[in-house]
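**Student:** Below you will find the structure I want to go over with you.
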Amino acid sequence: MKNLKRPTWLTFDCYGTLIQWDEGLLAAAQAILARRGDGRTDPATLIATYDRHEHALEQERPHRLFRDVAGEGLRRAMVELGLAFEPSDIEILTSRISAMPPFPEVVSALAEMKRMGFRLCVISNADDDIIAGNIAQLGGAIDRVVTAEQAKAYKPSRQIFDHAHRAIGVTNDDLIHICASPHLDLVAARDFGFRAIWVDRGTGRKRPPDYEPDAVFPTLDRVAEFLGTREWETR
Numbered sequence: 004m005k006n007l008k009r010p011t012w013l014t015f016d017c018y019g020t021l022i023q024w025d026e027g028l029l030a031a032a033q034a035i036l037a038r039r040g041d042g043r044t045d046p047a048t049l050i051a052t053y054d055r056h057e058h059a060l061e062q063e064r065p066h067r068l069f070r071d072v073a074g075e076g077l078r079r080a081m082v083e084l085g086l087a088f089e090p091s092d093i094e095i096l097t098s099r100i101s102a103m104p105p106f107p108e109v110v111s112a113l114a115e116m117k118r119m120g121f122r123l124c125v126i127s128n129a130d131d132d133i134i135a136g137n138i139a140q141l142g143g144a145i146d147r148v149v150t151a152e153q154a155k156a157y158k159p160s161r162q163i164f165d166h167a168h169r170a171i172g173v174t175n176d177d178l179i180h181i182c183a184s185p186h187l188d189l190v191a192a193r194d195f196g197f198r199a200i201w202v203d204r205g206t207g208r209k210r211p212p213d214y215e216p217d218a219v220f221p222t223l224d225r226v227a228e229f230l231g232t233r234e235w236e237t238r
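Under the working numbering, the letters of the sequence shown match residues 4 to 238, in that order.
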């Protein structure tokens, strides 16, 4: 880590970093297919198709709530795969997202970061009501949550990060962003110049070829250990 100024805030990607996104999304896809008695469609194929449509919709204007984006992304994915879509499928998806649990080490790691004196903010491509169920499972450690609903923009747009940084009163030197998503969060760190630690949980996602994170760890407890052993500059 080249910039050794001690951060006052740690900001976090939520899904995939703190919350078990891939696992939860797979369970949602399985539930949607099971209600149709569909044993032929691979849930992973449904997820991949949904993911492609969701990310494309997030870049469109005007801004739409994540619930609407997720619903339309799911509808398009199911139509593409020749599956009958029902509006109630959206509720299955969004309720499963809200209930997704944290990774096993996350609550204790966040508590350790709080004990070190850091303030913690989540920056997420979610709606306030959807992410509330996830934040409630994080042991009360999170000081601030900034969502795409509040910022009217989705990562990796600069707009959501600028909104978050204004909300917590920091500049790039005052924070470290901790994330698992290369194409959303690492791209933003590269383009906007803030420090980033990549939690690479072995999903096969690759960092941008032209960007090297400040540090890489497989789990959040290793991040906490790293932050606790740094010799920060006093300036």
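Cβ atoms here follow ideal geometry from the backbone N, Cα and C, with glycine treated the same way.
1) Does the region 88-107 touch the region 178-191, meaning 3 or more C-beta pairs lie closer than 8 Å?
2) Over the uninterrupted beta strand (DSSP E) stretch that includes residue 201, give me the two end residues.
3) Between residue 148 and residue 125, is the Cβ-Cβ spacing less than 8 Å?
4) Within this structure, are the beta carbons of residue 199 and residue 180 separated by less than 8 Å?
5) Mind listing, in chain order, the continuous beta strand (DSSP E) runs of no fewer than 3 residues lying wholly within the region 12-90?
6) Write down every uninterrupted run of the alpha helix (DSSP H) in the region 172-199 whose length is 4 residues or greater and which is fully enclosed by it, in chain order.
7) Go through its chain and collect everything with a Cβ distance to residue 105's Cβ below 8 Å, but skip five positions before and after it.
8) Measure from the alpha carbon of residue 41 to the alpha carbon of each residue in 161, 5, 85, then state which is nearest.
9) Tell me whether the beta-carbon of residue 80 lies closer than 8 Å to the beta-carbon of residue 49.
10) Would a C-beta distance cut-off of 8 Å place residue 77 and residue 92 closer than the cut-off?
11) Within the same chain, show all residues whose beta-carbon is closer than 8 Å to that of residue 131, passing over the 5 residues directly before and after it, in chain order.
12) Would you mind sorting residue 201 into buried or exposed? The rule is 16 or more other CB atoms within 10 Å of its CB.
13) What is the rounded straight-line gap between the Cα of residue 117 and the Cα of residue 123?
14) Using DSSP's beta-bridge definition, name the partner residues of residue 220.
**Tutor:** With the given structure in hand:
1) Output reads no: the region 88-107 does not touch the region 178-191.
2) As a working mapping, residue 201 is identified with position 198 in the sequence shown. Its beta strand (DSSP E) spans residues 198-202.
3) In the sequence shown, counting from the first residue as 1, residue 148 sits at position 145. In the sequence shown, counting from the first residue as 1, residue 125 sits at position 122. A Cβ-Cβ contact shorter than 8 Å links residue 148 with residue 125.
4) By 1-based counting over the sequence shown, the position of residue 199 is 196. By 1-based counting over the sequence shown, the position of residue 180 is 177. Closer than 8 Å, so yes.
5) Complete beta strand (DSSP E) runs here, min 3: 12-15.
6) The DSSP assignment places 190-195 as complete runs of the alpha helix (DSSP H) inside the region 172-199, in order along the chain (cut-off: 4 residues).
7) Taking the first residue of the sequence shown as 1, we reach residue 105 at position 102. Within the same chain, and ignoring the five residues on either side of residue 105 in sequence, the residues whose Cβ sits closer than 8 Å to its Cβ are 21, 22, 23, 137, 140, 141.
8) Here residue 41 corresponds to residue number 38 of the sequence shown, with the count starting at 1. Nearest option by C-alpha distance: 85.
9) For the purposes of this step, residue 80 is taken as the residue at position 77 of the sequence shown. For the purposes of this step, residue 49 is taken as the residue at position 46 of the sequence shown. Against a cut-off of 8 Å, the Cβ pair of residue 49 and residue 80 comes out as a contact.
10) Numbered from its first residue, the sequence shown carries residue 77 at position 74. Numbered from its first residue, the sequence shown carries residue 92 at position 89. In this structure, residue 92 lies closer than 8 Å to residue 77 by Cβ.
11) For this step, residue 131 is matched to residue 128 along the sequence shown. Cβ within range, chain order: 148, 150, 152, 153.
12) The residue labelled residue 201 in the question sits at position 198 within the sequence shown. With a threshold of 16 other beta carbon atoms within 10 Å, residue 201 meets it and is buried.
13) For the purposes of this step, residue 117 is taken as the residue at position 114 of the sequence shown. For the purposes of this step, residue 123 is taken as the residue at position 120 of the sequence shown. So the alpha carbons of these two residues sit roughly 8 Å apart.
14) Here residue 220 refers to the residue found at position 217 of the sequence shown. Residue 220 pairs with 202.
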